[in-house]
Amino acid sequence: ASKKENHTLVVHCWRGGMRSEAVVSFLSLMGVDCWRLTGGYKAWRRCVMDDFEADCYPFRVVVLDGLTGVGKTEVLKELEAIGMDVLDLEAIANHRGSIFGGIGLAEQPTQKNFDGYLWERLRTFSGDFVFVEAESRKIGSVRLPEFLMERIKDRSGIRILLESSLSCRVERISRDYHLLDHKEALLDLLGRVRIFKERLGHEKLKGLSDALQENRGEDFIESMLRDYYDPLYSRHIRRRTDYDLTVCSDDPVASAAAIKEWCLDRADSAALIKPDNKTAPR
């Protein structure tokens, strides 16, 4: 295995016993600077789960919501670029969160690895609030920890609705997904996933297949948004009446700047209060 530059090598076995001790002793004799994980992987995993269960993170979650393709991930990236704490769950999960979310991406991490990456990321935050995209309980094959799901759903948190024109959404999805490079996988999903047949019907499903086979990628995307995703998520958005801010996200840079200014104004006016009984993680 390779050791990344400026990273300390940590050796572990399952319980932190003789196996890791022997390896550390050998590496030390060879002049390799390394640490041994006390208690092994089992103890580290227990630490991760204990922190999740205790919800010991002293920040408030700011949830970005909106229809498919409004650019939630883009706005998150722009917020991070201007100094905000951002938790990009889809990046950690290596999945975009929809039925098509794994198209063109490498294999997802295991659940235990996802939990570990998430735990490490959470420990980097130092601000009063953290921006996150509205997610369901599962992102592809991995599940969010219960405490984080509760934070995302919490009606006492801050929720921001992103809105974008249909043309911008189609263009954004076309640019991000490169769907025509994965026609066979898409056609397979359309034919295999029962919910498409139930909600779209034979005629619309055939139209989607024809659009893909004829390389009309933007027609495929627009039809999927208009006939499937928008009706599905519009009901959820209409049911919520507690959005604190609505922002047009056609320009993600301007959107991020407006959101940052609004949040900092809230913090300066002491309207943003840290959650009760939260202490920094170990």
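For the sequence shown, the working numbering begins at 287 and goes up steadily by one.
Using N, Cα and C, we set each Cβ at its ideal position, and we do this for glycine too.
Remember, predicted model here, so these are calculated numbers, not experimental data.
With residue i as the anchor, note down where its alpha helix (DSSP H) starts and where it stops.
i      : result
Asp496 : Arg480 to Gln499
Cys534 : Note, Cys534: premise wrong, no alpha helix (DSSP H); beta strand (DSSP E) at Leu531 to Cys534.
Asp505 : Gly503 to Met510
Leu362 : Lys358 to Ala367
Phe411 : Taken as a continuous stretch (DSSP letters only), Phe411 belongs to no alpha helix (DSSP H), as it is neither H nor E.
Phe312 : Met304 to Leu315
Phe433 : Glu432 to Lys439
Glu376 : Leu375 to Ala379
Arg382 : First-last for Arg382: undefined, no H or E at that position.
Pro253 : Any property of residue 253 remains undetermined from this structure, which presents the chain solely from 287 to 568.
Gly460 : As written in the sequence, residue 460 is Ser, which differs from the Gly given in the question. First-last of the alpha helix (DSSP H) with Ser460: Leu452 to Tyr463.
Express the C-alpha separation of residue j and residue i in angstroms, rounding to a whole number.
i      : j      : result
Arg552 : Ile446 : 13 Å
Ala557 : Arg331 : Low per-residue confidence applies at Ala557: pLDDT is 49, beneath 50, and the placement is therefore not dependable, though the value from the model is reported in the following sentence. Cα to Cα, the separation comes out at about 36 Å.
Pro344 : Cys549 : 17 Å
Glu419 : Val347 : 10 Å
Phe433 : Lys328 : 21 Å
Asp528 : Tyr519 : 16 Å
Asp409 : Tyr403 : The question names Asp, but residue 409 in the sequence shown is Arg. Those two C-alpha atoms are separated by around 10 Å.
Ile378 : Gly413 : 20 Å
Met304 : Leu365 : 46 Å
Gly426 : Leu375 : 11 Å
Arg455 : Asp474 : 24 Å
Arg423 : Leu430 : 6 Å
Pro561 : Arg437 : Below a pLDDT of 50, predicted positions are generally treated as unreliable, and Pro561, at 45, falls in that range; no measurement from the model is reported.
Asp401 : Ala340 : 15 Å
Gly325 : Phe312 : 19 Å
Arg478 : Glu484 : 12 Å
His569 : Glu421 : Given that the chain is displayed from residue 287 to residue 568, the structure contains no residue 569 and the question cannot be resolved.
Leu373 : Glu504 : 30 Å
Ile623 : Ile368 : Since the first residue shown for the chain is 287 and the last is 568, residue 623 is missing from the structure and cannot be characterised.
Ile507 : Cys299 : 48 Å
Trp405 : Lys492 : 44 Å
Ser509 : Arg407 : 37 Å
Phe411 : Glu500 : 47 Å
Ala566 : Lys490 : Because Ala566 sits at a pLDDT of 48, beneath the cut-off of 50, its placement in the model cannot be relied upon, and the point is left open.
Arg441 : Thr294 : 41 Å
Ser314 : Ser306 : 12 Å
Met335 : Arg524 : 35 Å
Lys439 : His488 : 35 Å
Tell me residue i's beta-bridge partners as DSSP assigns them.
i      : result
Val297 : Arg322
Glu470 : None; Glu470 has no bridge partner.
Gly447 : Per the sequence presented here, residue 447 reads as Leu, with Gly not at that position. Partner(s): Asp351 and Thr532.
His429 : Per the sequence shown, residue 429 should be read as Arg rather than His. Lys424.
Glu419 : Leu350
Val372 : Phe417
What whole-angstrom Cβ distance do residue i and residue j have, given they're in contact under 8 Å?
i      : j      : result
Val309 : Val297 : 5 Å
His381 : Gln394 : 6 Å
Leu476 : Ser495 : 6 Å
Asp371 : Phe417 : 7 Å
Leu498 : Leu472 : 6 Å
Cys534 : Ser460 : Not confirmed; about 20 Å, so no contact.
Val349 : Ile444 : 7 Å
Taking 7 Å as the cut-off, is the CB of residue i close to at least one heavy atom of the ligand FMN?
i      : result
Glu547 : You won't find the ligand FMN in this model; it holds no ligand whatsoever.
Segment contact flag, the segment 540-553 with the segment 356-370, C-beta cutoff 8 Å, min 3 pairs | yes
Counting Cβ pairs, one atom from each stretch, are 3 or more of them under 8 Å apart for the segment 382-398 and the segment 311-325?
-> no
If you pair each beta-carbon of the segment 336-354 with each one of the segment 512-526, do three or more pairs fall below 8 Å?
-> yes
If we count Cβ pairs, one from each stretch, closer than 8 Å, do we get three or more for the segment 462-470 versus the segment 390-406?
-> yes
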